[in-house]
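*Asks:* One structure is given below, represented as structure tokens, and several questions about it will come after.
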Amino acid sequence: MARTTRSLRDALLVRPGMRVHLSGVDPSATYGRERETAKAELADGLDRLTDLQDRIWAEGKRRILVVLQGIDAAGKDGTIRHVMGAFNPQGCPVTSFKVPTGQELAHDYLWRVHRSVPGNGEIGIFNRSQYEEVLVVRVHGLVPKALWSKRFDQINEFEQLLADEGTTIVKFFLYIDRDEQRERLQARVDDPTKNWKFRLGDLDERKLWDDYIAAYEDALSRCSTAAAPWYVIPSNRKWFRNLAVADILADTLDDLKPRYPKSAEDLTGVVVK
Ligand code: AMP
Ligand code: MG
């Protein structure tokens, strides 16, 4: 297939107000990209990211928040390793949101999120995020519907606040299908180097697949905004997933046109002896 000219950013964006039906998304899609050339294309994307992050860090005035969501084994960790590996760890804090601690539960649900957002010059990565509050919390009925159903608007307002105050937000939903999840979970069982990623409870979560998909469809449909867009990344093929995330992220950062700051001092003629 010929390489499409349409950017992945344009193709994979959830347009604000659009209703997402994941049954209509092919998780194995590659948008004309080929596995053989993907390595070189990814390397290009990673080079762009390295350059852009260096500028953002040097400039020290913008904040970038990258949200990664996906069902178990969708590839959140792999994406961080392969794509965010382009960044200097100094200036790239990663926060993994787990089952809330007692102290976290003693506060409103955004408390732990807000204190983890990136500061000036930082590209913050959220491995899971505020969206767990309308995903696992909803699927397991951890709070009543009357509470979680308000959270879509609350999250939109929270993200708008971050954006208004200078944070660029980009959110990736890594989409795999049930067969792909089965294979990846089985690999976690069979491969001793992957056992640590597997809990028997993952099998119970897998039984709730349809509920998770419905919850994701609502989160994607209700919370993709101009200030904080969602992208649905077909993720059955890891090489395409990495390529797409790197590409969209680089395009997003490129738009910010980060520049190395000029020295505040006059350096003309300065010779270091
Ligand atoms: P992992 O990403 O495999 O380390 O697992 C983290 C676990 O924490 C997942 O099962 C999430 O669903 C769970 N988790 C994250 N945030 C929340 C939350 N707000 N409430 C309940 N469970 C959560
Ligand atoms: Mg897990």
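This note's numbering puts the last residue of the sequence shown at 312; the count rises by one with no breaks. No residue lacks a Cβ here, since even glycine has one placed at the ideal position from N, Cα and C. No experiment lies behind these values; they were computed from the predicted model shown.
Buried or exposed for S67, going by 16 or more other Cβ atoms inside 10 Å?
*Replies:* One-based indexing of the sequence shown puts residue 67 at position 28. Burial call: exposed.
*Asks:* Keeping to the same chain, check which residues put their C-beta closer than 6 Å to that of L292; ignore five residues upstream and five downstream.
*Replies:* Residue mapping note: residue 292 aligns to position 253 of the sequence shown, counting from 1. Excluding sequence neighbours, L292 sits near L91.
*Asks:* Less than 8 Å between the C-beta atoms of T373 and L295, yes or no?
*Replies:* Because residue 373 is not part of the residues shown, which for the chain are 40 to 312, the question remains open.
*Asks:* Closer than 8 Å is the cut-off here; do at least three beta carbon pairs connect the stretch 162–181 with the stretch 237–252?
*Replies:* Because the criterion of three Cβ pairs below 8 Å is met, the stretch 162–181 and the stretch 237–252 touch.
*Asks:* List in chain order the residues whose CB is within less than 7 Å of at least one heavy atom of the ligand MG.
*Replies:* Output, sorted by chain position: D111, K236, R238 and D241.
*Asks:* Quick check on the burial criterion: 16 or more other C-beta atoms within 10 angstroms. Buried or exposed for E219?
*Replies:* Taking the sequence shown and counting its residues from 1, the one referred to as residue 219 is at position 180. That one is buried.
*Asks:* Rounded to whole angstroms, how far is the Cβ of S363 from the Cβ of Q108, which I believe are closer than 8 Å?
*Replies:* The first residue shown for the chain is 40 and the last is 312, placing residue 363 beyond what the model contains.
*Asks:* CB F212 to CB E171, shorter than 8 Å?
*Replies:* Within the sequence shown, the letter at position 173 stands for residue 212. Within the sequence shown, the letter at position 132 stands for residue 171. No, the pair does not count as a contact, with Cβ atoms beyond the cut-off.
*Asks:* Starting from the Cα of R190, find the closest Cα among A258, I287, G71 and A266 and give me that residue.
*Replies:* Position 151 of the sequence shown holds residue 190. The shortest C-alpha separation from R190 is found at A258.
*Asks:* Return the chain-ordered list of same chain residues with a C-beta closer than 7 Å to the C-beta of R94, the five sequence neighbours on each side being excluded.
*Replies:* If you number the sequence shown from 1, residue 94 lands on position 55. P297, R298 and Y299.
*Asks:* Hey, V209 and P268 are a contact pair by Cβ (cut 8 Å); roughly how many whole angstroms apart?
*Replies:* Position 170 of the sequence shown, counted from the start, is the residue given in the question as residue 209. Position 229 of the sequence shown, counted from the start, is the residue given in the question as residue 268. Confirmed, about 7 Å.
*Asks:* Give me whichever residues DSSP pairs with N166 in a beta bridge.
*Replies:* Here residue 166 refers to the residue found at position 127 when the sequence shown is read from its first residue. Paired residue(s): L107 and S135.
*Asks:* Can you tell me which of the three DSSP states Y214 falls into?
*Replies:* By one-based count along the sequence shown, residue 214 stands at place 175. It is a strand residue.
*Asks:* Could you tell me which residues DSSP pairs with R102 in its beta bridges?
*Replies:* Locating residue 102 in the sequence shown gives position 63, counting from the first residue. According to DSSP, R102 bridges with T206.
*Asks:* Do you know offhand how far M40's Cα is from K100's?
*Replies:* Residue 40 sits at position 1 when you count from the first residue of the sequence shown. Residue 100 sits at position 61 when you count from the first residue of the sequence shown. Note that M40 scores a pLDDT of 45, beneath 50, so its modelled location is shaky; the value from the coordinates is reported in the next line. So the alpha carbons of these two residues sit roughly 42 Å apart.
*Asks:* According to DSSP, simplified to helix, strand and coil, what is V156?
*Replies:* Within the sequence shown, the letter at position 117 stands for residue 156. Coil, per DSSP.
*Asks:* Exposed or buried, what is V311 when buried is set at 16 or more other beta-carbons lying within 10 Å of its beta-carbon?
*Replies:* Within the sequence shown, residue 311 is the residue found at index 272, counting from 1. V311 is exposed by the Cβ-count criterion.
*Asks:* Quick check: the Cα distance between E80 and A283, rounded to an integer number of angstroms?
*Replies:* Working through the sequence shown from its first residue, we reach residue 80 at position 41. Working through the sequence shown from its first residue, we reach residue 283 at position 244. In a straight line, the C-alpha of E80 is about 10 Å away from that of A283.
*Asks:* With DSSP as the reference, label L52 as helix, strand or coil.
*Replies:* Taking the sequence shown and counting its residues from 1, the one referred to as residue 52 is at position 13. It is a strand residue.
*Asks:* Measure the CB-CB distance between V59 and A285 and report whether it falls below 8 Å.
*Replies:* Position 20 of the sequence shown, counting from 1, holds the residue named residue 59. Position 246 of the sequence shown, counting from 1, holds the residue named residue 285. Taking 8 Å as the Cβ cut-off, V59 and A285 do not qualify as a contacting pair.
*Asks:* At the level of alpha carbons, what is the spacing between S46 and G114?
*Replies:* Reading the sequence shown from its first residue, position 7 is the one you call residue 46. Reading the sequence shown from its first residue, position 75 is the one you call residue 114. Cα to Cα, S46 sits roughly 22 Å from G114.
*Asks:* I'd like to confirm the pairing. Which residues does DSSP put opposite P273 in its beta bridges?
*Replies:* Against the sequence shown, residue 273 aligns to sequence position 234. Per DSSP, Y214.
*Asks:* Apply the 10 Å Cβ neighbour rule to R54 and answer buried if 16 or more other Cβ atoms are within range, or exposed otherwise.
*Replies:* Stepping through the sequence shown from its first residue, residue 54 is reached at position 15. Classification of R54: exposed, given that the 10 Å Cβ count is below 16.
*Asks:* Leaving aside the five residues before and after V106 along the sequence, list all residues of the same chain whose C-beta is less than 6 Å from its C-beta, in chain order.
*Replies:* Residue numbering aside, residue 106 sits at position 67 when the sequence shown is read from its first letter. These residues qualify, in order along the chain: F165, S168 and K210.
*Asks:* Helix, strand or coil: how does DSSP classify L149 here?
*Replies:* Translated into the one-based positions of the sequence shown, residue 149 becomes position 110. Here L149 sits in coil by DSSP.
*Asks:* Where does M40 sit, in a helix, a strand or coil, going by DSSP?
*Replies:* As a working note, residue 40 is residue 1 in the sequence shown. Residue placement at M40 is flagged as unreliable, the pLDDT there being 45, under the threshold of 50; a coordinate-derived value is accordingly withheld.
*Asks:* Taking all protein chains shown into account, decide if E304 is buried (16 or more other Cβ within 10 angstroms of its Cβ) or exposed.
*Replies:* Locating residue 304 in the sequence shown gives position 265, where the first residue counts as 1. So E304 ends up on the exposed side.
*Asks:* Among Q129, L104, A112 and K78, which has the Cα closest to the Cα of R238?
*Replies:* Walking along the sequence shown from the start, residue 238 turns up at place 199. Measuring from the Cα of R238, the nearest candidate turns out to be A112.
*Asks:* In three-state terms, what does DSSP make of L201?
*Replies:* As a working mapping, residue 201 is identified with position 162 in the sequence shown. Three-state result, L201: helix.
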